[in-house]
Structures are given as C-alpha cells and as structure tokens.
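Peer 1:
Chains as they are written, first to last, in the numbering used here: chain Z, 1 to 572; chain C, 1001 to 1393.
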C-alpha cells in the first residue's frame, strides 16, 4: 500500500522534496516533530555551513584562497593546527588510557578520587586551564621562574599541548573505562590458560579489542583540539597562530569575512573527513555488546613491573591536573595572581557584580531557553532516528551528529554569515545581534550530545515495548508519553545537564555573535584574560563552575534523579 | 464471568464455522540494501472464529511477517485482510481489536503487574471500578493473585509470561496474536505453560494465531496448523492431517521424522499409483501429483524390526498389505521410553525405526547392533508426496 504514488512528473526537481514531505505526512503526529528536527538541523547547522563554503568560493573568497595559499604565514598556521591536533590527540588518548587502566584494572586505593580528578576538566570553562598554565610555567611563571629560575616561556605549542591534552583527556578516559569494563574476562583468562604472559596478553588481546576506542578517542580529541579557540587565544602567544584564532582575528580584528570563510573551510575539511570516516567506518565495527549475563571480570593487574610505570604516569597526570586547577583557586583568592599572594575576596566581589553579574544573568536566561530546546529537539531526533522508518532518516541522523564535527567557531561564522540580513523577503528577520541567534548557537552546540545520550538510551529499549503498547490500543503519541518517556527519564536528565553545562561553558560558537545588549559570561572571562586580569578571570571561572554545579543539584532535585556514577553519557 | 468475551467453545475447526479473519493474496516485499526480498508470496488463509491456529515454519519462512501484518505493524505490499468481513487495510494497529503476546513479553518495566494489565483498559477509558474488576478476574485466571503490586523484574519467567498473556486478554481482543511466546522459557516450564496457555485459550474461546518454529508446540496446542516455507503456505490442516497426510516432502520432513524412500512411478490410473520401491511394487492412493516428482515417506514408528538369521537370502515381499525387506541393524540408541534403530537395507538404503518400550517389552527384546534383521512396513503407512522443491516464482 504505497501511500505516496505521486503523478510521475518526470524528473521534476521538486520530486525528492515532495516525496520527503509525503513521508513526513505519513508519520502523523510525529511528522511535526520530524519537521521541527529537520528544520533545526537544516536551518542552523547545514545552511550556515553551506553559506561559509559559498562565501569562500565567491570572488573575494577565491582571491583569498590564492593569496593565503601562497603566503608562508598561512602555511605555518596550517602546519601549527595539524601538529597541535595530532600531538594533542596522541597525548590525550594516552593519558586517558593510563587513567582508565588504573581505574579499571588495578587495586589502587583512591579510585573514586582519581575518577573525579580525571573528570574535572569536563566542567571547567574553556581556557581557565590555559591561564593557570601560563601562571605556572610562563615567562614569569611560579614554577619556571620563581622555583627553578629558568627563563622558559611555555606559551606556544608546549603550553597548548599541555592545556588541550588535559582538557580533552576525559573524552578518552570515559571511552576506555566503558570499554575496559565491558571486557569479557573469560577471553583473557583463556589466553592466560594458554600460557600467554601479561604483556603478550595485553598486546594480542586487550590492544586489538581497544583499537576502535583508541582510534575513536584520537579522532575526537584531534577534532576538538583543532577547533578549540579559547586556549590558543590565551596560550598561543604571538608566534603560534592556528586556524581557529585566524578565523577569530579575521572577523574581529580585520573585518575580513572572505578570509574567515576560507580559513573556516580549511578547518572544516579535516573535521568533516574525520567525522565521515568515523560515521561510516568506525561505527560499523562490532563493539563489545553487553548481554546482561555476568561475564568474568578480568583480574586486577598485580605485576610490579607493570604497576610501577602505570602508577608513575598516572601520578604525573593527576599532579598536573590538581596543580593546574588548584592554582586557579589560588589565583581567584589572591590580589594579583602570581605576584601578590595576599588573600582577598575582591575578585569574587567583582565577578558577582556589575557587568559580570549582568553577563551571568544574560547567560543563564539564554541557557534556560536553549537547554530545554536542545533537550527536547534532541530527544525527538533520537526517537525518530531509532524508532521510526522514514525517508530521510539517515540524513537526519547524519546531520544531527554533524554538529559534533563542525567546530564551534565555524558555527559562529556560519550563523553570522547566514543571518546577517533578513531572509525570504523578511519572513525571517535579521537575527544577527539578537538573543535568538545566541539561543540557536547554544542549542545547535548542545544538540549532538543530547542526541547521542538519548539514542543510547532508546537503543536499549526494545521495539516490542512500543508495539505492545500500540497493540493494546494506545496511539503513538500516548505510547511516547506513557511508555517511552518514563523509561528514558534518566537519559532526559543527563541530556538536560549536558546541554546546560555545554551552553554555560561554550565560547567559540558565540564569541562572534555577542552584542553589547547580550553579554555572555565566558566572553567576559576571555576579556579579563586578554587584558591580563587573571585573578578576575579565575574568580569568574569558579563562579561559573559553582553555578553549573548548583544548577545540576537543582535539576536533580526537581527531576528526582541523581548524577549517576556512570558518567559515560557525558563522553563526547 | 464478565471477563470472557465469548462462551466456552473448545471446538475444532469446522468449515461451517464463521470466518474471523480472511487473508487475501497478501504479499510482502522488503526493500533491503541487497535488493528486494519477497518475504510473503501471495498468502491466502482463513482463520476460523474461536480456533487456535498455529503458523509453523523454519526461521525466515515469513511466519512472523504474516503475524505482524495481521497486527498492523507491517503493511502488506499487495493484498488485503478482512476481519469479520471488513477490510483492515486502513485501520492503524492501535485501532485493530487484536492484542499481541511477544516473545520478549515486552512488559512495561516501570509499571507493576496490575498497572501492566490495566494499561490497555486505561487507554480505552474504562471506568476505574470496571478496570479493577476485570484486572482481578484476569489475575485469578492466570494464577497471579497477590502479585499485582510487584514489578516485572521481580517475577519468574513463567510469571512474566502469564502477565503478558493477562495484559493481552484483559482488553477482550477479537484475535490474540502470539509471537513465539514460549521460546524464552526453559524446557520444563515451556511444557507446563503450553498446556496452561491452551487451557486459557479454550476457556476464553478467543480466536488465536500462534507463531512458532517448534513443531511439538504446534502439534500439542493447535486446532489447525499452517506450515510455511520460504514465504508460501505448504499445507494447512489439523495436527494429525499434517502428520499423517503431509502433501510435500518439506512438511513430512519438518514435522516429525520421516524416512524418505526413492521411488519411480510404474503406472498411474484411476486414482491409484503403482510405485517401484525397494525391488518390489506397491500401490498407493494417488493424491493427485504429477508423475515425475513423486517420492514416498514413512514414519519411523511404522517400521517394525525383527531378527533374521540370513538377510542376504531374503527376498523382498509384498503380502497382505505388508512390505517386508531385509537388512542389517546398524545403530541402536536407547532413550528410555523408546529405542531409535538404524537399519541398512540390502540395497544400501538407510531406514530409521522407533520401538516403543513398556514394562513387558524392553530393549532386551530388540536385536543387537550388527544383527541381521527383516523390517515389515504396512503399505497403508506409506504416503506419496511431491518431491520437488516448489519452484521459486
């Protein structure tokens, strides 16, 4: 019973669109939801990206291509970006693997503390780490100059590597913890019975099984690292420019949109390539499936020749994290960070008053709108992707997670280019400079994470549950409300937290969109950092983290959910 | 009993009964990445009011697809479904007066047993008092009294199974659909649930369609069995018809054990087939098959084995309705209530036989492995069937 037997208008360009519309209509009440989802993804991820590409291929764009590609500066920017991405990816993946191994495969006594420390970077604002690193190891750093008296300046590649590996290490860590925990111990035991040594076992069984995780972590960190903006602004110094700072400066400093577009395309290409590779290749790989049947958990490692190096590396990583974050606290509570250590609350008083207070309230308002919006649309998209068959489903799936691959700064540039003038003869007004576009930027940024979390939860629901409900007379909408929604409430809660934290801490997608009327808190922090007021910036960072934690507590009170120990839903 | 939708009626299928569901030329094509897959090839079927109909077949034969089409979870590519004479084509699954019992039970994990059972009634906006009454009745029929406040995870597999059934029957469906509901239970519980399910279905008299790949389940429970293979119906009939009068080699082979004996047709006239078999000839009633594709099947329990000192001297005989052939006993498997024997006939044909045991006649009365034997088979037990695999359309 094909419902959409259109008149076969031969090769009408509208044919696919009409077929899509027909298939949406056939979905009944879900059609609306699907349409909204498609609209959000299409209008605020795909369309802006296309505008950037179009801009870079315009007359001025093409001029920029020839100019930029023939200049040594651009080539060094490209090289810096790639080197930074690759090295951060390797370091971050390695650090995450070590921390996960200690967490899962040893009898280390303070695992819980270690776990929290490993996850600390998740909720920190994007460049607090950089400021702390600069204060510790910079030209006049506490450790580099005062302690060792060396004239060493960490800014540039060294500092960025440290900052980015630590910032993105949790991605790898959570990934590996999940994988290591779901290992079938029987496999390893079998190898042991067959006489394999620990190292041999690790090489022939553990590593091959972890290979997809290693590749995944590396790629994710690579993409995040080359897209990062806050850290390079603070730590890059004058001689280490990367693509993201190039884009930022082109718009903010040079008002050169074609140049920003060309840089954006350069940044977009590797991100998209890696994303596509992951989406089409890595996702197809067979992962360890959780059957629910207890499998033998692997025995903890006890050999000293393995434990000593493992613990040493983990200790160094932990020490670095504790020192860097601890020093932010020190900076927040002292007169002049690194110079005058007189305790003071002035920084906090400043952070909670005046422009800073307004920025916090503005950010909270915007996040209060974008959070439910992202959570709701993300849930709908996830539901549609997992439970429904319709034409365009694959496209929606692809596009909704595409947001992960598109760097934040590019989303900013795209929204700027796409909505700096009224569209469709004024049907869509000029959005640039409005709160709407900030909310949209937040929403689009948080969406992929929500979709991932919700897809994970929904995939665990058997389709039979939905069918059982329908077979008992419930409509699809009733089924969604009475069966599916209650069962994915934990996921809903995670999505809300995720999208809220993401909105509150994001910088790169909105830095180009802020206006004097709507101030964003992270942008205030960056402003302080750029002007050398590190104490203020540190205090604001702490205020931000505190606000997020309070909000999470409030949310869990309202929804009746605890933040689970299994934070894997926050990965990626 | 107010919960029952029809009076007791454990009646067998009877052509004069009213037809509840009519499946007319239903075809289902799935578009897969590897191309079109025709899961159902023009299925015609009538489901009689109140009967327990089982759709039986190996995995991939289309039986589940057919059931899901009945439920409305899949739409047929071609064809129509009629429920009490009315087309179901444009009736969405939630509006069909059918309820499905799933292989995974699909109990709602966030609801108690009572809430699970009341779910369909609440959706139908039935009064609280009536919901309570109907839920209580069904709890007692299903032997679930006192478990109403438990969560599904706190129940045993058999109890979960009964909740799933209770949840389906309480809405008084016109047709109950079962999708291999017993396959998740262990063997002992499965046998127990099998008879319980049948008892409840008889008690309620609700038309039931039951999908399974387990032939003993089908034999034990059904009024009628539909045997399916590769998207088409091989045979429809009562369990004994399916077992005793299979129309194809597939059915004979899929239901129970069958000895397949190669035959050639000597003559075919006036409804009688004369077949060359094991160096002799037998005559069978002609089931109306074309002559080129005929083989004969014989159930192992129809093969009688007795000792013979010198099988090589024995000449095949066909006397007074019994065919006698000699051979060697090659395998003996004692299973307690019976023994399975394998005989190699003089021409090399392998034959399976089953000897039932009683206290008076045990395995000691059977020839030992390697002994010379003569097997006697009643001609009436032979069945001529179509030997060709059905041509794929």
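Glycine included, C-beta positions come from ideal geometry on N, C-alpha and C.
1) Under DSSP, the alpha helix (DSSP H) around residue 1264(C) begins and ends at which residues?
2) Name the chain Z residues that come within less than 7 Å of residue 1178(C), Cβ to Cβ?
3) Using the C-alpha atoms, what's the distance from residue 1287(C) back to residue 1352(C)?
4) Would you mind reading off the limits of the beta strand (DSSP E) that contains residue 1378(C)?
5) My parser needs the beta strand (DSSP E) runs of 3 or more residues fully inside the stretch 1124–1201 of chain C; what are they?
6) Using a 10 Å radius around the Cβ and a threshold of 16 neighbouring Cβ atoms, would you call residue 540(Z) buried or exposed?
7) On the criterion of 16 or more Cβ atoms from any shown chain inside 10 Å, does residue 1384(C) qualify as buried, or is it exposed?
8) For residue 200(Z), collect the residues of the same chain with a Cβ closer than 6 Å to its Cβ; drop the 5 residues on either side in sequence, then sort them by chain order.
9) What residue does the alpha helix (DSSP H) around residue 231(Z) start on, and which one ends it?
10) Is there a Cβ from chain Z that is less than 8 Å from the Cβ of residue 1167(C)?
11) List in chain order: all unbroken alpha helix (DSSP H) runs of 4+ residues lying wholly within the stretch 326–355 of chain Z.
12) To which residues of the same chain is residue 1378(C) closer than 7 Å at the C-beta, ignoring the five residues directly before and after it?
13) Flag residue 464(Z) as yes if its beta-carbon sits less than 8 Å from any beta-carbon of chain C, otherwise no.
14) DSSP state of residue 168(Z), grouped into three classes?
15) With distances taken between CB atoms, is the gap from residue 56(Z) to residue 375(Z) smaller than 8 Å?
16) So is residue 428(Z) buried or exposed if we call it buried at 16+ other beta carbons inside 10 Å?
17) When you compare the CB of residue 1037(C) with every CB in chain D, is at least one pair closer than 8 Å?
18) Within 8 Å of any Cβ in chain Z, is that where the Cβ of residue 1119(C) sits?
19) Taking C-beta pairs closer than 7 Å, name the residues in chain C that residue 475(Z) reaches, listed in chain order.
20) Closer than 8 Å, CB to CB, is residue 486(Z) near chain C or not?
21) Kindly indicate which three-state DSSP category residue 1031(C) falls into: helix, strand or coil?
22) Classify residue 1334(C) as buried or exposed, calling it buried when 16 or more other Cβ atoms lie within 10 Å of its own Cβ.
23) Among 159(Z), 119(Z), 470(Z) and 349(Z), which residue has its Cα nearest to the Cα of residue 134(Z)?
24) How far does the alpha helix (DSSP H) with residue 218(Z) in it extend, from its first residue to its last?
25) I want to verify the contact list: residues of chain Z whose CB lies under 9 Å from the CB of residue 1098(C), in sequence order.
26) Rounded to a whole number of angstroms, what is the C-alpha to C-alpha distance between residue 45(Z) and residue 399(Z)?
27) Starting from the C-beta of residue 1376(C), find all residues in its chain whose C-beta is less than 6 Å away, skip the five residues before and the five after it, and write them out in chain order.
28) Where DSSP assigns a beta bridge to residue 1259(C), which residues make up the other side?
29) If we define contact as Cβ-Cβ less than 8 Å, is residue 358(Z) a contact residue for chain C?
30) Which residues in the same chain as residue 1142(C) place their Cβ atom closer than 6 Å to its Cβ, once the five residues preceding and following it in sequence are excluded?
31) Suppose contacts are defined by Cβ-Cβ distances below 8 Å. Is residue 508(Z) in contact with residue 406(Z) by that definition?
32) DSSP on residue 1039(C), reduced to helix/strand/coil?
33) In this structure, does DSSP put residue 429(Z) in helix, strand or coil?
34) Rounded to the nearest angstrom, what separates residue 1297(C) and residue 1315(C) at their Cα positions?
35) Name the one or two DSSP bridge partners that residue 1098(C) has.
36) Does residue 467(Z) come within less than 8 Å of chain C when only Cβ atoms are used?
Peer 2: Based on what the coordinates show:
1) By one-based count along the second chain, residue 1264(C) stands at place 264. Where residue 1264(C) is concerned, there is no enclosing alpha helix (DSSP H), although the beta strand (DSSP E) it sits in stretches over 1264–1269.
2) In the second chain, counting from the first residue as 1, residue 1178(C) sits at position 178. What residue 1178(C) touches in chain Z: nothing, since even the nearest Cβ is about 12 Å away.
3) Along the second chain, one-based indexing puts residue 1352(C) at 352. Along the second chain, one-based indexing puts residue 1287(C) at 287. Cα-Cα distance, rounded: 24 Å.
4) In the second chain, counting from the first residue as 1, residue 1378(C) sits at position 378. Start and end: 1372–1378.
5) 1175–1179
6) In the first chain, the residue the question calls residue 540(Z) occupies position 540. Answer is buried; the Cβ neighbour count reaches 16.
7) Numbered from 1 along the second chain, position 384 holds the residue referred to as residue 1384(C). By the neighbour-count rule (16 or more Cβ atoms within 10 Å), residue 1384(C) is buried.
8) In the first chain, counting from the first residue as 1, residue 200(Z) sits at position 200. Taken in chain order, the list of residues that qualify is empty.
9) Counted from its first residue, the first chain places residue 231(Z) at position 231. Start and end: 230–235.
10) Counting from one through the second chain, the residue named residue 1167(C) turns up at place 167. True, the Cβ-Cβ gap to chain Z drops below 8 Å.
11) 346–351
12) Locating residue 1378(C) in the second chain gives position 378, counting from the first residue. Here the set comprises 1302, 1321 and 1322.
13) Here residue 464(Z) refers to the residue found at position 464 when the first chain is read from its first residue. Judged by the 8 Å Cβ criterion, residue 464(Z) is in contact with chain C.
14) As a first step, residue 168(Z) must be located in the first chain, where it is residue number 168. In this structure, residue 168(Z) counts as helix in the three-state DSSP scheme.
15) By one-based count along the first chain, residue 56(Z) stands at place 56. By one-based count along the first chain, residue 375(Z) stands at place 375. For residue 56(Z) and residue 375(Z), no; Cβs fall outside 8 Å.
16) Your numbering for residue 428(Z) matches position 428 in the first chain. Classification for residue 428(Z): exposed.
17) Reference to chain D is not applicable here, since the protein chains of this structure are Z and C.
18) Taking the first residue of the second chain as position 1, residue 1119(C) is located at position 119. With 8 Å as the cut-off, residue 1119(C) counts as an interface residue toward chain Z.
19) Counted from its first residue, the first chain places residue 475(Z) at position 475. Residues of chain C passing the Cβ test: 1094.
20) Taking the first residue of the first chain as position 1, residue 486(Z) is located at position 486. True, the Cβ-Cβ gap to chain C drops below 8 Å.
21) Against the second chain, residue 1031(C) aligns to sequence position 31. It is a strand residue.
22) For this step, residue 1334(C) is matched to residue 334 along the second chain. Label assigned to residue 1334(C): exposed.
23) The residue given as residue 134(Z) occupies position 134 in the first chain. It is 159(Z) whose Cα lies nearest to the Cα of residue 134(Z).
24) Against the first chain, residue 218(Z) aligns to sequence position 218. Note, residue 218(Z): alpha helix (DSSP H), 207–227.
25) Residue mapping note: residue 1098(C) aligns to position 98 of the second chain, counting from 1. The answer, in chain order, is 471.
26) One-based indexing of the first chain puts residue 45(Z) at position 45. One-based indexing of the first chain puts residue 399(Z) at position 399. Their backbone Cα atoms lie some 8 Å apart in a straight line.
27) Reading the second chain from its first residue, position 376 is the one you call residue 1376(C). So the list reads 1304, 1322 and 1324, once near-sequence residues are dropped.
28) Residue mapping note: residue 1259(C) aligns to position 259 of the second chain, counting from 1. Bridge partners of residue 1259(C): 1298(C).
29) Start at 1 with the first residue of the first chain, and residue 358(Z) comes out as number 358. So, not an interface residue.
30) Locating residue 1142(C) in the second chain gives position 142, where the first residue counts as 1. Within the same chain, residue 1142(C) has close Cβ partners 1162 and 1166.
31) Translated into the one-based positions of the first chain, residue 508(Z) becomes position 508. Translated into the one-based positions of the first chain, residue 406(Z) becomes position 406. Cβ atoms of residue 508(Z) and residue 406(Z): not closer than 8 Å.
32) The count along the second chain starts at 1 and reaches residue 1039(C) at position 39. Strand, per DSSP.
33) As a first step, residue 429(Z) is located in the first chain; it is residue number 429 there, counting from the start. If DSSP states are grouped into helix, strand and coil, residue 429(Z) belongs with coil.
34) The residue you call residue 1297(C) lines up with position 297 of the second chain. The residue you call residue 1315(C) lines up with position 315 of the second chain. About 22 Å.
35) Here residue 1098(C) corresponds to residue number 98 of the second chain, with the count starting at 1. Beta-bridge pairing links residue 1098(C) to 1175(C).
36) Position 467 of the first chain, counting from 1, holds the residue named residue 467(Z). So yes, residue 467(Z) belongs to the interface.
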